[in-house]
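If you read the sequence shown in our numbering, its first letter stands for residue 10, the second for the next number, and so on.
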Amino acid sequence: MKTIVKFLLLIIIIINTSCNFSKNQSDKSSKEQGDNVKSGKPFFDFDAVDYYSNDIDENIAMNLLNLQNNSELDKLKYDLIVGETPENINNNNFTDDIIKVGFKKSEIESKDFQSITQLFSESTERDGLYFTCIPIFRDILVFKKNKRIIGAAKICFGCNRNQIIGTKANTNNFGQGKDYEMLSLILNKYKNIN
10 MKTIVKFLLL IIIIINTSCN FSKNQSDKSS KEQGDNVKSG KPFFDFDAVD
60 YYSNDIDENI AMNLLNLQNN SELDKLKYDL IVGETPENIN NNNFTDDIIK
110 VGFKKSEIES KDFQSITQLF SESTERDGLY FTCIPIFRDI LVFKKNKRII
160 GAAKICFGCN RNQIIGTKAN TNNFGQGKDY EMLSLILNKY KNIN
């Protein structure tokens, strides 16, 4: 038992160290690249954005890897926080599930829509970054048009990773340059509102 605990602790330390190293490399590279960015087609044509945040502890999130087969709720937590985004987001079960696993909901104000549209648009490649850490998706944006879900973005600010679904636009260059930093500044205004 002690061997397993030591092994898991070693893995967590390695992951944490690699995330910090990658983030430092990202910051350095972003400064060298400059801010000349051309925006293209927006990922979503939305009229509302719901923001879901969860402050789950990293150790608890990593434990979800072991618990994903224990119950339906554990599997749901795993899928939303550590795993892949569900294919079917076009129903209310998706947002109900997000709340069920402990996320808190806030509505993004329309004054921030332009900034969000700029961030969630096709852009020229600025930086090819690859991270070695396991993402923990503590932030989820649900994009809506006429009260209908049209897309979602799961964001991990610790690893600068994302999963964006519901768009035909090229999302490969999202998160380059200062995208995560700018998105974090917007979303921080909405954390702990409710």
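Glycine included, each C-beta is placed from N, C-alpha and C at the ideal position.
Could you check if Leu-74 is buried or exposed, using at least 16 other CB atoms within 10 Å of its CB as the buried criterion? Within the sequence shown, the letter at position 65 stands for residue 74. With fewer than 16 other beta carbons inside 10 angstroms of its own, Leu-74 counts as exposed.
According to DSSP, is Ala-70 part of a helix, a strand, or is it coil? Taking the first residue of the sequence shown as 1, we reach residue 70 at position 61. Three-state DSSP puts Ala-70 in a helix.
Since Gly-160 contacts Thr-176 with CB under 8 Å, what's their CB separation in whole angstroms? By 1-based counting over the sequence shown, the position of residue 160 is 151. By 1-based counting over the sequence shown, the position of residue 176 is 167. Confirmed, about 5 Å.
Which residue marks the beginning of the alpha helix (DSSP H) containing Asn-97, and which one marks its end? Locating residue 97 in the sequence shown gives position 88, where the first residue counts as 1. Neither: Asn-97 is in no alpha helix (DSSP H) and is coded neither H nor E.
So, for Gly-49: in the same chain, excluding its five sequence neighbours on each side, which residues have a beta-carbon less than 7 Å away from its beta-carbon? Translated into the one-based positions of the sequence shown, residue 49 becomes position 40. Within the same chain, Gly-49 has close Cβ partners Ser-130, Glu-131 and Ser-132.
Under a three-way DSSP split, which group does Glu-116 fall into? Residue numbering aside, residue 116 sits at position 107 when the sequence shown is read from its first letter. In this structure, DSSP gives Glu-116 an extended state, which the three-state scheme calls strand.
Spatially closest choice to Leu-128 from Ile-145, Ile-108, Thr-180 and Asp-105, by CA coordinates: The residue you call residue 128 lines up with position 119 of the sequence shown. Residue Thr-180 is the option with its Cα nearest to Leu-128.
What residues in its chain sit with their C-beta under 7 Å from that of Tyr-189, if we drop five residues either side in the sequence? On the sequence shown, position 180 is the one that residue 189 refers to. The residues are Phe-166 and Asn-169.
Coil, strand or helix - Glu-131 by DSSP: Counting from 1 along the sequence shown, the entry for residue 131 is found at position 122. The three-state secondary structure of Glu-131, taken from DSSP, is strand.
Where the beta strand (DSSP E) containing Ile-173 begins and where it ends: What you label residue 173 is simply residue 164 of the sequence shown in a count that begins at 1. Residues 170-174.
At the level of alpha carbons, what is the spacing between Leu-85 and Ile-117? In the sequence shown, residue 85 corresponds to position 76, counting from 1. In the sequence shown, residue 117 corresponds to position 108, counting from 1. Roughly 25 Å between the two C-alpha positions.
Cβ-based neighbour list, Asn-99, same chain, cut-off 6 Å, excluding 5 preceding and 5 following: Within the sequence shown, numbered from 1, the residue matching residue 99 stands at position 90. Here the set comprises Ile-158.
Tell me the DSSP bridge mates of Leu-150? Counting from 1 along the sequence shown, the entry for residue 150 is found at position 141. DSSP, once it has assigned bridges, lists Tyr-60 and Ala-162 as partnering Leu-150.
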